[in-house]
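Enquirer: Heads up: the sequence lines are chains A, B and C, in that order. Note that UniProt numbering numbers the first sequence so that position 163 is 163, with each residue one more than the last. Note that UniProt numbering numbers the second sequence so that position 238 is 238, with each residue one more than the last. Note that UniProt numbering numbers the third sequence so that position 69 is 69, with each residue one more than the last. Cβ atoms here follow ideal geometry from the backbone N, Cα and C, with glycine treated the same way.
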Amino acid sequence: MDEIFGIPAPLLFGQLLLGLINGAFYAMLSLGLAVIFGLLNIVNMAHGAQFMMGAFAAWMLLAWGGIGYWWALLLSPLIVGTIGVILEKLFISKLYKLDHLYGLLLTFGLALIIEGVFRNEFGSSGLPYRIPAELSGAWDFGFMFMPVYRGWVVVAALVLCLTTWLLIEKTRLGAYLRAATENAALVQAFGVNVPRMVTLTYGAGVALAAIGGVLAAPIYSVNPQMGSNLIIVVFAVVVIGGMGSILGSILTGFTLGIVEGLTKVFWPEASATVIFVIMAIVLLARPAGLFGRK
Amino acid sequence: MSIQRRDLLAAGAVTALGGLPRARAQGTQTIRIGVITDMSGPYRDTTGPGSVVLTQQAVQDFLGGGRGFQVEVLQADHQNKPDVGANIARQWFDQGVDAVVDLPTSSVALAVNQIAREKNKVHLNSGAATSDLTGAQCSPNTVHWTYDTYMLAKSTGAAIVKTGGDSWFFITADYAFGHALERDTGNFVRAQGGRVLGNARYPFPATTDFSAFLLQAQASRAKVLGLANASTDTVNCIKGAREFGLHRSMKLAALLMGVVDVKSLGLESGQGLLLTESFYWDLNDRTRALTQRVRPKNQDRPPAMVPAGCYGATLHYLKSVADMGVAAAKASGVEAVNRMKAMPCDDDAFGQGTIRADGRKIHPGYLFEVKTPGESRNPWDLYKVVATTPGEEAFRPLAEGGCPLVRS
Amino acid sequence: MAADTTSITASALPDPAQEAGGAWGFTRAQLGALGVLIVFLAVAPFMLYPVFLMKLLCFALFACAFNLLIGYVGLLSFGHAAYFGMGGYLAGHAAKVWGLTPELAIIVGAVTAGLLGTIAGWIAIRRQGIYFAMITLALAQMVYFFCVQAPFTGGEDGIQAIPRGSLFGVIPLDQDMTMYWLVAGIFLGAFLLIHRIIHSPYGQVLKSIRENEPRATSLGYRTDDYKLLAFILSATIAGTAGATKSIVFGIATLTDVHWSMSGEVVLMTLVGGLGTVFGPVIGAAVIVTMQNYLAEMGAWVTVIQGVIFVTCVLAFRRGLVGEIAAMLKVKL
């Protein structure tokens, strides 16, 4: 078994691993979108911009405050999440009684503002962010060279996704959340402060995007447009998974990362479009998405 | 200068509402130069505000001697949209702007190229990479100053093979620009006796993670990895290459990259990288002198290659205008460009050079190697020169470009 | 939460059918506005820069096409750039490479956009609301990737130097004024066509779908067929706008298929007023003028656009025309 379909087996395994890394980012971002959508019924078009802000926050902490990667991993989501909370309070909360499309338009506008401001402030060519010393270097698996940092991204993303899932599915807080998704008025009547819960949920979703940004900072160039191309793919991932489901979005994210990775081996030219093609097929067969209800 | 600019903008508003500002057009003793560049998109840092500053510097250096006419510099952002760029150029030309400068992004440059010709004005291009500007789409109104894809491929491809890098693998952005770079570089590699072992074409602009292609490159066991792409993609490729340990077995050659990109990459990841530029601030005494003059106005950064091209092109244009007379220069863009071609060029950024019949400015191409963090003595001390390709060899021979101006 | 939401375009304005004094499905106020529009089209080229006006009209038509979907069917397409841009590419290719006359080239562009709309619409109408928006965005992104790679589009360089040619092979369009009259004609024709569609029995069914789809279904209408046809019409008109633009400017490039163009058309329609007849025209005029005169502002243009988005959504959901109409208590 040296070759599978004409591709050397080691290369194939390598590509599978790499697909998993990309999948980790898809999973984290689509998870945040799903959490926000679940409770707020809003497609957060600013999610890509918030991912970018997470990466920039990490860079600023290091460049201006001398605060390193590990603290950034904690502080950056807190900072960006807080900004998210403010945005929700100031703007998004005004729209809950309106058509959901207004939420989409508003967050799209916010994304334009955020990206424009960052481009004015930091230019477009990107800023360097070094891999933390503890995670630099690489493992030699024999069949491939695996950078330690990439392995860390997969592990961190998995832990993060599963924690979020457990939090929502297995805790009391999660139960309130799910209940509020079903019937906000009723939960409010039981004495739960639903508006505050909604605000915090948005903040948490944004914080998830920001953690993704911090994890991405050392691998990709930290630049204002780093989120905008990624987010459209994530939208397709979300449509494929069906937006209501937390576990669904995690699974779909990782799976599609792997599928995309394999496409890069067998038909690189199609790797950009493969997720969109899958989306079209899924829609034709199961309009509600793989894990969607309704 | 800002007041004059506001005047012209006001004139623009008037034009939109009613006839052309004829009253202003009578004051023929002012040459108006418009910088059309990318102030908001991906090329902002390599062109943009820097191009404006360097164009103004050229005007200042030129007028230092007292020339008996005024020069006004305007600026606009084409947002990388050809129709926006074309619109700005069209309106400016109708309102008495004599020359447009910079025009990064090939699609915008080619669109404005048409309009400058139609209106018989001057197009001084510094920022665009396409060699079509002096090839199939060449124009008697255009000077292409700084660089083009052919020159990058030639300087990088041929010079690296000469230094021993004789087997190549390419990671290529899957669109016309990437293909052109890969094809041209590959040809020069083969012409020097080198081999191309393979390539990986990735979808552009959808790819953010290049590790899959880097693994293929590694498996090819080539000595040189050629990156036929630009800006963020190149930076991400180089970061990835370092992570996956490619630098241990291969040399990395970025086919289009500049100081600003290297700065953003950082020397830690960038060290040992090979790339070509036609200008570097620390090249010689004259470039250092220019840098010293301009640095305080340029956010305390040394000028990058494309802005330096704006400096050289503007200065040479103004010299030609002074030589032929302002009225004649304003009357005909073709004549102004012809005078530019007739006069030898000399400026602090590019030294001595000439402009060919097809509009191609001729100067050397330099192959640089990015320094290691240990070698770098100051924050912008980034390059050392590895090889110099003389101007006559660096650019595509006049006969091969297919420029209709040359045949006639 | 779904129960107490209001439709994105339903307005508390009088129904045109109940308002007397109009003609051809127009209310009296709309007839007045139409008169102003026609006079403006006739006089404007003598006062304003004709090339700028042509750009404005192309975008106005594009916004009207988009408004046909959002305003009258309640579907928000976030991928309309695909049809606009593809129309432009095909028209450019037809005029430059095949040597077709401009009117034929524009038809080629429009038909291509319509075919593309048929496929995309067939997939997208399976979902509504935000899903519909995301699906159209994703499909348009596919079209964008196709355009980057396909040889005939010229990749990043685009199709350059598209000849304006001669209308029907006899009237040369090189003069801006001649070209302007053609563009104004196309715009007015398509504008009236959209109006005709909305006020046909077919248009009434569309509106009933917007207000309450299950009820329309229960009345025996195959709502999917209605929505698909609306999508195809909208895509075709968007393609016409793109095709005309590429003939006017002689270029067709990636800008017009990029997702930010999809966002821009949403913005134009939102500023003018979703679901109003004249809103998209006014909105396009505002945004195009802004882009033209703020070109010097650089990256702030994006920020300003974002601010307009946010302001419109929070405070001016009816848009400029919608607000004026509400103030005058008429329908525009």
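#1: Could you tell me the distance, in whole angstroms, from the CA atom of alanine 63 of chain A to the CA atom of tyrosine 129 of chain A?
#2: By the DSSP assignment, the beta strand (DSSP E) with lysine 384 of chain B in it spans what residues?
#3: In or out: isoleucine 324 of chain C buried (at least 16 other Cβ within 10 Å) or exposed?
#4: Quick one: Cα of valine 101 of chain B to Cα of glycine 79 of chain C, how far?
#5: Under the three-state reduction of DSSP, which class applies to lysine 227 of chain C: helix, strand or coil?
#6: Listed in chain order, which residues of the segment 302 to 326 of chain C have Cβ atoms closer than 9 Å to some Cβ of chain A?
#7: Over what stretch of residues does the alpha helix (DSSP H) that includes cysteine 345 of chain B continue unbroken?
#8: Could you tell me the alpha carbon to alpha carbon distance between leucine 256 of chain B and alanine 27 of chain A, rounded to whole angstroms?
#9: In chain order, which continuous runs of the alpha helix (DSSP H) of length 4 or greater are located wholly inside the segment 5 to 90 of chain A?
#10: With glutamine 305 of chain C as the anchor, note down where its alpha helix (DSSP H) starts and where it stops.
#11: Does chain B have any CB closer than 8 Å to the CB of glutamine 175 of chain C?
#12: Which stretch, first to last residue, makes up the alpha helix (DSSP H) that contains isoleucine 115 of chain B?
#13: Restricting to Cα atoms, I'd like to know which of C:Ala60, C:Met47, C:Phe26 and C:Met268 is closest to glycine 239 of chain C.
#14: Taking only the alpha-carbon atoms, compute the straight-line gap between threonine 185 of chain B and lysine 154 of chain B and give it to the nearest angstrom.
#15: Quick one: any contact between the segment 268 to 285 of chain B and the segment 324 to 332 of chain B, if contact means 3 or more CB pairs under 8 Å?
#16: Keeping to the same chain, check which residues put their C-beta closer than 6 Å to that of leucine 137 of chain C; ignore five residues upstream and five downstream.
#17: Report the option in C:Tyr221, C:Tyr293, C:Ala241 and C:Ile171 whose CA atom is closest to the CA atom of methionine 54 of chain C.
#18: Entirely within the segment 148 to 215 of chain B and at least 3 residues each: give me those beta strand (DSSP E) ranges in chain order.
#19: What does the alpha-carbon distance come out to for the pair alanine 394 of chain B and methionine 151 of chain B?
#20: Taking all protein chains shown into account, do 16 or more other C-beta atoms lie within 10 angstroms of the C-beta of alanine 180 of chain A, making it buried, or fewer, making it exposed?
#21: If you measure from the beta carbon of methionine 261 of chain C to each beta carbon in chain A, is any gap under 8 Å?
#22: When DSSP labels each residue in this structure, what does methionine 257 of chain B get in the three-state scheme?
#23: Could you tell me the boundaries of the beta strand (DSSP E) in which asparagine 378 of chain B lies?
#24: Chain A beta carbons: is any one of them nearer than 8 Å to that of phenylalanine 66 of chain C?
#25: Where does the unbroken alpha helix (DSSP H) through threonine 178 of chain C begin, and where does it stop?
#26: At which residues does the alpha helix (DSSP H) containing alanine 254 of chain A begin and terminate?
#27: Taking CB distances under 8 Å as the criterion, tell me whether methionine 226 of chain A reaches chain C.
#28: List the residues of chain A whose Cβ lies closer than 9 Å to the Cβ of arginine 201 of chain B, in chain order.
#29: Going along the chain, which residues of its own chain have a beta-carbon closer than 6 Å to the beta-carbon of threonine 269 of chain C, five neighbours each way excluded?
#30: Taking Cβ-Cβ distances below 8 Å as the criterion, which residues of the segment 264 to 278 of chain B are in contact with chain A?
#31: Which chain C residues are close to arginine 90 of chain B, counting only those with a beta carbon under 8 Å from its beta carbon?
#32: Give the DSSP-derived three-state secondary structure of aspartate 140 of chain A in the structure shown.
#33: Exposed or buried, which one is glutamate 156 of chain C when buried takes at least 16 other CB atoms within 10 Å?
#34: Which of helix, strand or coil does DSSP assign to arginine 32 of chain B?
#35: I think leucine 367 of chain B touches threonine 276 of chain B, with their Cβ atoms under 8 Å apart; what is that distance to the nearest whole Å?
#36: Serine 262 of chain C by DSSP, collapsed to three states: which one?
Expert: According to the data block:
#1: As a working note, residue 63 of chain A is residue 63 in the first sequence. As a working note, residue 129 of chain A is residue 129 in the first sequence. So the two alpha carbons sit approximately 9 Å from each other.
#2: Start at 1 with the first residue of the second sequence, and residue 384 of chain B comes out as number 384. Looking at the DSSP string, the run of the beta strand (DSSP E) that includes lysine 384 of chain B is 383 to 389.
#3: For this step, residue 324 of chain C is matched to residue 324 along the third sequence. Burial call: buried.
#4: By one-based count along the second sequence, residue 101 of chain B stands at place 101. By one-based count along the third sequence, residue 79 of chain C stands at place 79. When rounded, the distance between both Cα atoms is 34 Å.
#5: Indexing the third sequence from 1 puts residue 227 of chain C at position 227. Lysine 227 of chain C: helix per DSSP, three-state reduction.
#6: Thr302, Val303, Ile304, Gln305, Gly306, Val307, Ile308, Phe309, Val310, Thr311, Cys312, Val313, Leu314 and Arg317
#7: Along the second sequence, read from residue 1 onward, the residue named residue 345 of chain B stands at position 345. Counting along the chain, cysteine 345 of chain B falls outside any alpha helix (DSSP H), though it belongs to the beta strand (DSSP E) covering 345 to 347.
#8: Taking the first residue of the second sequence as 1, we reach residue 256 of chain B at position 256. Taking the first residue of the first sequence as 1, we reach residue 27 of chain A at position 27. Taking the straight line joining both Cα atoms gives about 33 Å.
#9: 9 to 40, 47 to 65 and 69 to 90
#10: If you number the third sequence from 1, residue 305 of chain C lands on position 305. Start and end: 300 to 315.
#11: Walking along the third sequence from the start, residue 175 of chain C turns up at place 175. No - not a single Cβ of chain B is within 8 Å of the one on glutamine 175 of chain C.
#12: What you label residue 115 of chain B is simply residue 115 of the second sequence in a count that begins at 1. Run containing isoleucine 115 of chain B: 106 to 119, per the alpha helix (DSSP H) assignment.
#13: One-based indexing of the third sequence puts residue 239 of chain C at position 239. Checking every option, the nearest Cα to that of glycine 239 of chain C belongs to C:Ala60.
#14: On the second sequence, position 185 is the one that residue 185 of chain B refers to. On the second sequence, position 154 is the one that residue 154 of chain B refers to. Approximately 6 Å between the Cα atoms of the pair.
#15: No, the segment 268 to 285 of chain B is not in contact with the segment 324 to 332 of chain B.
#16: Here residue 137 of chain C corresponds to residue number 137 of the third sequence, with the count starting at 1. Cβ-Cβ distances below 6 Å link leucine 137 of chain C to Phe78 and Gly79 in the same chain, with the five nearest sequence neighbours on each side left out; the list follows chain order.
#17: Walking along the third sequence from the start, residue 54 of chain C turns up at place 54. Checking every option, the nearest Cα to that of methionine 54 of chain C belongs to C:Ala241.
#18: 167 to 173 and 195 to 202
#19: The sequence position of residue 394 of chain B within the second sequence is 394, counting from 1. The sequence position of residue 151 of chain B within the second sequence is 151, counting from 1. Alanine 394 of chain B and methionine 151 of chain B: Cα-Cα distance of roughly 5 Å.
#20: Within the first sequence, numbered from 1, the residue matching residue 180 of chain A stands at position 180. That one is buried.
#21: Within the third sequence, the letter at position 261 stands for residue 261 of chain C. So, not an interface residue.
#22: Mapped onto the second sequence, residue 257 of chain B falls at position 257. Coil, per DSSP.
#23: Residue 378 of chain B sits at position 378 when you count from the first residue of the second sequence. Neither: asparagine 378 of chain B is in no beta strand (DSSP E) and is coded neither H nor E.
#24: Locating residue 66 of chain C in the third sequence gives position 66, counting from the first residue. By this cut-off, phenylalanine 66 of chain C is not an interface position.
#25: In the third sequence, counting from the first residue as 1, residue 178 of chain C sits at position 178. 176 to 199 is the span of the alpha helix (DSSP H), which, as asked, contains threonine 178 of chain C.
#26: The residue labelled residue 254 of chain A in the question sits at position 254 within the first sequence. For clarity, residue 254 of chain A is phenylalanine in the given sequence; the question names alanine instead. Taken as a continuous stretch (DSSP letters only), the alpha helix (DSSP H) holding phenylalanine 254 of chain A covers 246 to 266.
#27: Walking along the first sequence from the start, residue 226 of chain A turns up at place 226. No - not a single Cβ of chain C is within 8 Å of the one on methionine 226 of chain A.
#28: Numbered from 1 along the second sequence, position 201 holds the residue referred to as residue 201 of chain B. Per Cβ cutoff of 9 Å: Pro268 and Glu269.
#29: Position 269 of the third sequence, counted from the start, is the residue given in the question as residue 269 of chain C. Here the set comprises Ala63, Phe66, Asn67, Pro280 and Gly283.
#30: Of all residues in the segment 264 to 278 of chain B, the ones placed with a Cβ closer than 8 Å to any Cβ belonging to chain A are Ser264, Leu265, Gly266, Glu268 and Ser269, in chain order.
#31: Residue numbering aside, residue 90 of chain B sits at position 90 when the second sequence is read from its first letter. The answer, in chain order, is Val51.
#32: Sequence index remark: in the first sequence, residue 140 of chain A carries index 140 (1-based). Strand.
#33: Numbered from 1 along the third sequence, position 156 holds the residue referred to as residue 156 of chain C. Its Cβ being crowded by 16 or more others within 10 Å, glutamate 156 of chain C is buried.
#34: Taking the first residue of the second sequence as position 1, residue 32 of chain B is located at position 32. Strand at arginine 32 of chain B.
#35: Within the second sequence, numbered from 1, the residue matching residue 367 of chain B stands at position 367. Within the second sequence, numbered from 1, the residue matching residue 276 of chain B stands at position 276. Between leucine 367 of chain B and threonine 276 of chain B, the beta carbon gap of about 5 Å places them in contact (Cβ cut-off 8 Å).
#36: Numbered from 1 along the third sequence, position 262 holds the residue referred to as residue 262 of chain C. Helix at serine 262 of chain C.
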